[in-house]
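In this text, residue positions in the sequence shown follow the numbering used here: the first is 621, and each later residue adds one.
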Amino acid sequence: NDNANYCKCDNCAASDAKYGAPSGTLLAFVNRIAEVIGKKYPDVLVHTFAYDYTVEAPDGITAGDNVFVQICNIFECQSHSLTDPCNEESYAEFKKWSDIAKQVGVWDYPGNWACHYIPNPIYTYDNLHGLYSNFADLNPILYYSNSYMGNISGEFAEMRYHLAGRFMWDPYFTEDEYNDYVESFIKAYYGPGYKEILDTIALMQEKTATVHVEYANVYHSSPSGMFGMYFYRVIDELIAGMNSARLKTV
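The structure is reproduced here in structure tokens:
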């Protein structure tokens, strides 16, 4: 649970090899449980995860009709759509799981869990519309946004929650609707300093568009890494914008 320390005994290793991934061993186990449960409770779904070492979909096995697989996209780049080349492997796993399981869901990780000060994901319409519409195209029965808001962060967590809710309601809503929604929330939440906040967000979006930030995932941890160094180059402008907004708000 929540680690990669799975059993590597001879029997389990042979099963992993048979299915091409440890997820096959897990799914075979879950299927057996689901078969027993289904006889007494035919309307109950048995829930399991494609997470960490089981995120890679297996070969030669499908999920039982009453098995629900929730795919945890912990390794994807969150600053680009699932169809972006940097997410090619993650998207392939999503599609493969949706092929072998009748019921799939998404467990999403917006934000950066290892370095809360790094603004991640970048809020652009193309980025978020791409992510959520790609998820919707997989026909999930559940989407869960495993986000954080209580910690200090550098990417407007409150707005992220509202945007996640709006995209869950309609993952295909238009860019004009998106822009109106963002501005109305920023204005209502931040008050008199909202224009400076919008300018700060626009700066992040502009720099992301001109510098391709690859693989900004949930555990892209070091500010000394590519993503962090990118924001260090504009940190003075970002701080100036936030300070200007604060002076108008207080």
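Virtual Cβ for every residue (Gly too), placed ideally from N, Cα, C. The model shown is predicted, which means the values in this text are computed figures rather than measured ones.
L762 has G725 as its beta-bridge partners, per DSSP.
Per the coordinates, the alpha-carbon of A784 lies some 13 Å from the alpha-carbon of F805.
The region 646-658 and the region 692-700 do not touch, with fewer than 3 CB-CB distances between them shorter than 8 Å. C697 counts as buried, since at least 16 other C-beta atoms from the protein chains shown sit within 10 angstroms of its C-beta. Nearest Cα to A808 within the set T869, L647, D663, D796: T869. Per DSSP, H700 lies in no alpha helix (DSSP H) segment and is marked neither H nor E. A check of alpha carbon separations from W789 across E778, A822, H749, Y810 identifies H749 as the nearest. Looking at the backbone, the Cα of A712 and that of S864 are separated by about 44 Å. Cβ neighbours of G725 within its own chain (closer than 8 Å, five residues either side excluded): F688, V689, Q690, I691, P760, I761, L762, Y763, Y764. Within 10 angstroms of the beta-carbon of V666 lie 16 or more other beta-carbons, which makes it buried. Excluding five sequence positions before and after Y626, the CB atoms of its chain that fall closer than 6 Å to its own CB belong to P642, Y673, given in chain order.
Using a Cβ distance threshold of 8 Å, L751 and L823 do not count as a contacting pair. The C-alpha of G811 is placed about 50 Å away from the C-alpha of D685. In the structure shown, V664 falls within a coil segment according to DSSP collapsed to helix, strand and coil. Per DSSP, F695 lies in no alpha helix (DSSP H) and is assigned neither H nor E. In this structure A637 is exposed. Its beta-carbon is surrounded by fewer than 16 other beta-carbon atoms within 10 angstroms. Per DSSP, reduced to three states, the secondary structure at V656 is helical. Within the model, the alpha-carbon separation for E709 versus L867 is close to 45 Å. The alpha-carbon separation between N631 and G640 amounts to approximately 14 Å. If the five residues before and after A756 are omitted, its C-beta is found closer than 8 Å to the C-beta atoms of P791, Y792, all from its own chain and listed in chain order. For Y801, the uninterrupted alpha helix (DSSP H) segment begins and ends at 795-810. In the DSSP annotation of this structure, C706 is not part of any alpha helix (DSSP H), being labelled neither H nor E. When E797, E857, G861 are compared, the shortest CA-CA separation from K815 is found for G861.
For T668 and F787, the gap between their C-alpha atoms comes out near 25 Å. Per the C-alpha coordinates, the member of Y801, A677, T682, L858 positioned closest to Y781 is Y801.
Looking at the DSSP output, V687 bridges to V666.
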